[in-house]
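Number 294 in the working numbering belongs to position 59 of the sequence shown; there are no gaps in the numbering.
Beta carbons: idealized from backbone N, C-alpha and C, even for Gly.
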Amino acid sequence: MPYVDCPYCGTGKATAKDGFTTHTKCGYRATGPEAAARYITRHSLKDKNPTGASECPSCQEDALVVDNEGFYCFSCGENWPSNGLVVCDHCGNYYMNKDLTYCPSCEKLLTK
Ligand SMILES: [Zn+2]
Ligand SMILES: [Zn+2]
Ligand SMILES: [Zn+2]
236 MPYVDCPYCG TGKATAKDGF TTHTKCGYRA TGPEAAARYI TRHSLKDKNP TGASECPSCQ
296 EDALVVDNEG FYCFSCGENW PSNGLVVCDH CGNYYMNKDL TYCPSCEKLL TK
């Protein structure tokens, strides 16, 4: 899902880029974490995002949301399919490299 439903009006596709989610049609503009929180509430995604938006493995903003189709970052616009990211057993963040036991920052910390 390269574009997501606008977290504000819900009637069009919003774009996330450079830390902000914007929707030109309705004029919505918010920071990634703010837009992510709104999207979670609007689509009742609390089950999949129990602690709110997660840290994005790409831009490190807390703007990563999981929904039925996959992951979407409301800060940088990166997205992954449902099986595209794994959750770190140690810190609970998502990361991309499935060959690692933990996310890259925990790997560094734990294998010192
Ligand atoms: Zn909108
Ligand atoms: Zn991001
Ligand atoms: Zn970790």
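If you compare the alpha carbons of Asp324, Leu320, Thr259 with that of cysteine 244, the shortest gap goes to Thr259. According to DSSP, residue pairing for leucine 280 in a beta bridge does not occur. Leaving aside the five residues that flank histidine 278 on each side, the residues in its chain whose CB is nearer than 7 angstroms to its CB run, in chain order, Asp302.
For proline 268, the closest of Cys261, Gly262, Thr256 by C-alpha to C-alpha distance is Thr256. At a cut-off of 3 residues, the continuous stretches assigned as beta strand (DSSP E) that sit fully inside the region 245 to 294 are 248 to 252, 255 to 258, 263 to 266. Relative to ligand 1, the nearest heavy atom lies less than 7 angstroms away from the CB of alanine 249. If you look at leucine 299, you'll find it in the beta strand (DSSP E) that goes 297 to 301. Bridge pairing for aspartate 324: absent [DSSP]. The Cβ-Cβ distance between glycine 312 and threonine 250 falls below 8 angstroms. In this structure, alanine 298 has its CB closer than 7 angstroms to one or more heavy atoms of ligand 2.
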